[in-house]
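In what follows, a single structure is set out as structure tokens and then discussed.
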Amino acid sequence: MIQAILVFNNHGKPRLVRFYQRFPEEIQQQIVRETFHLVLKRDDNICNFLEGGSLIGGSDYKLIYRHYATLYFVFCVDSSESELGILDLIQVFVETLDKCFENVCELDLIFHMDKVHYILQEVVMGGMVLETNMNEIVAQMEAQNRLEKSENFPMTLHLSTR
Amino acid sequence: MVPSLKLHDFMEEIRGAKTQAQEREVIQKECAHIRASFRDGDPLQRHRQLTKLLYVHMLGYPAHFGQMECLKLIASPRFIDKRVGYLGAMLLLDERHDAHLLITNSIKNDLSQGIQPVQGLALCTLSTMGSAEMCRDLATEVEKLLLQPGPYVRKKAILTAVHMVRKAPELSDIFLPLCAKLLHEHHHGILLGTITLIMELCERSPAALRHFRKVVPKLVQILRTLVTTGYSTEHSISGISDPFLQVQILRLLRILGRNHEKSSETMNDLLAQVATNTDTSRNAGSAVLFETVLTIMDIHSAAGLRVLAVNILGRFLLNSDKNIRYVALTSLLKLVKSDHSAVQRHRPTVVECLRESDASLSRRALELSLALVNSSNVRSMTQELQAFLESCPPDLRADCASGILLAAERFAPTKRWHIDTILHVLTTAGTYVRDDAVANLTQLIGGAQELHAYSVHRLYHALAEDISQQPLVQVATWCIGEYGDFLLENCEETEPLQVEEEEVMALLEKVLQSHMSLPATRGYALTALMKLSTRIQGDTEAAILEKMPLVEHGGPQTDEEAKESRDDTAPVPTEPQTSKLLDLLNLLDDTSGDTQQPPSLNPSPEGALVHLLDLPCAPPPPAPIPNLKVFEREGVQLNLSFTRPPGTPALLLITVTTTNSSEDEVTHFICQAAVPKSVQLQLEAPSGNTVPAQDGPPITQLFRILNPNKAPLRLKLRLTYNHFGQSVQEIFEVNNLPVKTWQ
Chain H
1 MIQAILVFNN
11 HGKPRLVRFY
21 QRFPEEIQQQ
31 IVRETFHLVL
41 KRDDNICNFL
51 EGGSLIGGSD
61 YKLIYRHYAT
71 LYFVFCVDSS
81 ESELGILDLI
91 QVFVETLDKC
101 FENVCELDLI
111 FHMDKVHYIL
121 QEVVMGGMVL
131 ETNMNEIVAQ
141 MEAQNRLEKS
151 ENFPMTLHLS
161 TR
Chain B
163 MVPSLKLHDF
173 MEEIRGAKTQ
183 AQEREVIQKE
193 CAHIRASFRD
203 GDPLQRHRQL
213 TKLLYVHMLG
223 YPAHFGQMEC
233 LKLIASPRFI
243 DKRVGYLGAM
253 LLLDERHDAH
263 LLITNSIKND
273 LSQGIQPVQG
283 LALCTLSTMG
293 SAEMCRDLAT
303 EVEKLLLQPG
313 PYVRKKAILT
323 AVHMVRKAPE
333 LSDIFLPLCA
343 KLLHEHHHGI
353 LLGTITLIME
363 LCERSPAALR
373 HFRKVVPKLV
383 QILRTLVTTG
393 YSTEHSISGI
403 SDPFLQVQIL
413 RLLRILGRNH
423 EKSSETMNDL
433 LAQVATNTDT
443 SRNAGSAVLF
453 ETVLTIMDIH
463 SAAGLRVLAV
473 NILGRFLLNS
483 DKNIRYVALT
493 SLLKLVKSDH
503 SAVQRHRPTV
513 VECLRESDAS
523 LSRRALELSL
533 ALVNSSNVRS
543 MTQELQAFLE
553 SCPPDLRADC
563 ASGILLAAER
573 FAPTKRWHID
583 TILHVLTTAG
593 TYVRDDAVAN
603 LTQLIGGAQE
613 LHAYSVHRLY
623 HALAEDISQQ
633 PLVQVATWCI
643 GEYGDFLLEN
653 CEETEPLQVE
663 EEEVMALLEK
673 VLQSHMSLPA
683 TRGYALTALM
693 KLSTRIQGDT
703 EAAILEKMPL
713 VEHGGPQTDE
723 EAKESRDDTA
733 PVPTEPQTSK
743 LLDLLNLLDD
753 TSGDTQQPPS
763 LNPSPEGALV
773 HLLDLPCAPP
783 PPAPIPNLKV
793 FEREGVQLNL
803 SFTRPPGTPA
813 LLLITVTTTN
823 SSEDEVTHFI
833 CQAAVPKSVQ
843 LQLEAPSGNT
853 VPAQDGPPIT
863 QLFRILNPNK
873 APLRLKLRLT
883 YNHFGQSVQE
893 IFEVNNLPVK
903 TWQ
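Respectively, the protein sequence lines represent chains H and B.
Numbering follows my numbering, with no gaps: position 121 of the first sequence is 121.
Numbering follows my numbering, with no gaps: position 85 of the second sequence is 247.
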């Protein structure tokens, strides 16, 4: 099971925080900070697995992370998940973001935090892997965005059908 | 009044803030607007306000005042509102808030009447924060969605079912019957979810596990299709078709095949195929291969296949990719108990991984290395581990140190090697060892008489170099106190060094006065100084500090027993000088602390105290030794009476008398005894095996005890008999043997 998905930048500023296990707010922030410090200590050419910090749950949990440019993507998982599988999952998530935002960068995550959540929800749900087919996810997101737009601009839609 | 910011501008302002205080100011200002807007702002803008609020929530600012807004947005008919509302619910609400139940109704409506994206949102929210109660309320709706044809909603309904089963296990009954059929679907998302659901159900109930064994052939078929299908753009990751699904199937096969011959057989061929044909040039292939290996090792597979699997792991250990090496080490650790000899073959490679600079890797390598130590490799492994101890990161030191000590205890080839090893650990990582290391080492040294000189020389040298590591200092000072006389002679096995008395005393004083020394350490040093002041000057009157006898190794337990036996010893007549001496002993006991002290310190002062009193005057005439009641149970009593025949000082005669004051007779009575090794025991035949009820004639038995060394006498008794229709067995040590029985 995936306990949490955290994305923060090289200075530790959170860009996406999603917990699949309930923690009180202060603990959540502490976990983000602690995770950042653990991950920051790692050089770039060592393995992407870290034993978890003390806050997030002890010996059964580990942190699996990838570093993309200015962002760290960290998945905190328990022993039931395949470590290498999660590495691929992170890649799938990032590639999906890339397809949805066209050359995604940190700014996209900042200004469209909600959309990032919606995309994530199509990949991971309730701490479990839901879908890994990027095309399906992107198609779904596009459909939902169209739906949103049509609600915002009902007049436009009416016009375009003529 | 500054108008409310648009979302984009708000984020820009936050980013523009140069300090934490500035950021807080911007956010607090805007939150005031958001609050106002929630109260009486435009409902159509509510979703934007909540989005802003969720952003600041992520940064760590309070957002609880948005909880009710989530409910309102979820209840709105617009998709754009529901989307943010549900997200807010997932981020801000949970079981502990009363508000969470209020969304149950909205979810119910959305599940049954919403369009697909809305149903998806509702399911997602339910699977994230649904309480047991909510799950029960909504089970029927979710079941319906599981059966309808659209894959988008279906796959979400299946995963929601997993969450519901976790929260309310009785719901398994609803979802279990639907699983087998779902496996015939083609959509990968549905298959993935179904397999996750089946795994959850199997883990919860052995009956479910048995039920699902019948799907093994279907799983094998799905996996085979994935493995043999050519490149498909839809689901492939680096040329491997849907590795996520493959891994899940392999996991479920592991659960179903475990301890089940037939299922294991069904999957054997396929596992062999996957193990040999998977392309591992990229991560995805490796992920699948690892899972295959773990499954092979966990089910009843052919021996050849098992060997293949372990060898695959061995190959992975040599891979240049560190992630692969990490997972290989983790997998080998899982197998080290069940397939120890197979894993042993890869020991050299594992040891190589100790030298990794990567802390995650070296930690795994350490765990695995410790698990691989056995009697044939203990010398070389300990060498490697000690080298590792010297350079490993601090958070691994404690585990490494205690691992080495444990391995040494289990497999030490010689006592001297054992002492050397512990000494090395104490000098390298003394501050990280566990408390009992001191007691263990003193026990070990004490028992190795031939090594006393060697030990004290080595410890002295070590102490002279470094008095900061407390466990080392404690052992060393104890040893110097005990065997200090050896220090003044040369020892062939260590570097010849003429140690002067003054140097030794000076060192002990240094320890005593050092600010680094703990109170316990000072106690050791003080005791050592006292002992040496007698040993080295040859003062025999203070025999109170005589070499102490070795006590059985038993850890804290022995401490307790030793203390008890000391307390129970016949009370010594308290004259003024002796009471002062007693006080001094108590003082020493207090400063030395409880668990740190070697257990053997306790019994000797009392016995030696008596000795001290005896010395100035002529030995008194032998007074009769009082009888001792040692056992009582439901009217059955055992009494010991003692005789020391004059003329045979080493001989002690004990008469054991068994009486019975109860209503029922005692039959088949057998009494056995045990004494310390240095003492000889002879049991004469008892007078009988039966004691009639109500004080009938007792059984008597004579023990002859020869104790030429005057070793402190300990007596353990084992009684077996029948009484009141039950067979009784009692084993106990006689605690309060009078000193005169062996002096």
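Where a beta carbon is used, it is the ideal one built from N, C-alpha and C, also for glycine.
- The Cβ of PHE573/B sits no closer than 9 Å to any Cβ of chain H.
- Rounded to the nearest whole angstrom, the CA to CA distance from THR492/B to ASP60/H is 12 Å.
- Per DSSP, the continuous beta strand (DSSP E) segment holding PHE894/B begins and ends at 888 to 896.
- Within a 10 Å sphere around the beta-carbon of GLN281/B sit 16 or more other beta-carbons, which makes this residue buried.
- For ILE461/B, the three-state secondary structure derived from DSSP is coil.
- Put simply, of THR829/B, LEU814/B, GLY858/B the residue whose alpha carbon is nearest the alpha carbon of VAL837/B is LEU814/B.
- For ASN267/B, the three-state secondary structure derived from DSSP is helix.
- Of the other Cβ atoms in all chains shown, 16 or more fall within 10 Å of the Cβ of GLN211/B; this residue is therefore buried.
- Residues of chain H with a Cβ closer than 8 Å to the Cβ of PRO405/B are, in chain order, GLY85, ASP88.
- HIS117/H belongs to the set of residues whose beta carbon lies under 9 Å from a beta carbon in chain B.
- Secondary structure of ILE176/B (DSSP, three-state): helix.
- By the rule that beta-carbons nearer than 9 Å mark a contact, ASP78/H does not touch chain B.
- Scanning SER824/B, ASP597/B, THR829/B, ILE893/B for the CA closest to the CA of GLN631/B turns up ASP597/B.
- Contact annotation: in the segment 353 to 384 of chain B, residues whose CB is within less than 9 Å of a CB in chain H are LEU354, GLY355, THR358, MET361.
- Per DSSP, TYR68/H is one residue of the beta strand (DSSP E) stretching across 62 to 68.
- With a threshold of 9 Å between beta carbons, GLY126/H makes contact with chain B.
- The three-state reading of DSSP puts LEU516/B in coil, since its state is none of H, G, I, E or B.
- For TYR20/H, the three-state secondary structure derived from DSSP is coil.
- Beyond the five residues adjoining it in sequence on each side, LEU523/B comes within less than 8 Å, by CB distance, of LYS484, ARG487, TYR488, LEU491, CYS515 in the same chain, given in chain order.
- Here the alpha carbon of LEU613/B sits roughly 13 Å from the alpha carbon of LEU585/B.
- Beta-bridge annotation (DSSP): PHE8/H is paired with PRO14/H, TYR72/H.
- According to the DSSP secondary-structure assignment, ARG866/B is paired through a beta bridge with LEU815/B, GLN844/B.
- SER367/B has its alpha-carbon roughly 11 Å from the corresponding atom of LEU338/B.
- If you draw a straight line from the Cα of PHE200/B to the Cα of LEU233/B, it comes to about 12 Å.
- Taking the C-beta atoms as reference points, VAL853/B is found nearer than 9 Å to VAL828/B.
- Of the candidates VAL635/B, LYS214/B, ASP243/B, ALA521/B, the residue whose Cα lies closest to the Cα of PRO681/B is VAL635/B.
- With the criterion set as a beta carbon lying under 8 Å from some beta carbon of chain H, the members of the segment 484 to 500 of chain B are LYS484, ASN485, ILE486, ARG487, TYR488, VAL489, THR492, in sequence order.
- Secondary structure at ILE277/B: coil, using DSSP grouped into helix, strand and coil.
- Taken atom to atom, the span from the alpha-carbon of VAL505/B to that of HIS349/B is near 40 Å.
- Residue-level contact by beta carbon fails for ASP98/H and chain B, as no gap is shorter than 9 Å.
- Exclusion of the five residues before and after PRO405/B leaves ILE399, ALA446, ALA449, VAL450 as the residues of its chain whose Cβ lies within less than 6 Å of its Cβ.
- Following the DSSP letters along the chain, one finds CYS232/B inside the alpha helix (DSSP H) bounded by residues 229 to 237.
- Look at the beta carbons and you see the segment 539 to 554 of chain B not touching the segment 76 to 87 of chain H: under three pairs across the two are nearer than 8 Å.
- For VAL377/B, there is no enclosing alpha helix (DSSP H), since its DSSP letter is neither H nor E.
- The Cβ neighbour count for ILE357/B, taken over all protein chains shown within 10 Å, is at least 16; the residue is labelled buried.
- Contact residues of the segment 286 to 302 of chain B toward chain H are CYS286, SER289, THR290 (C-beta to C-beta distance below 7 Å).
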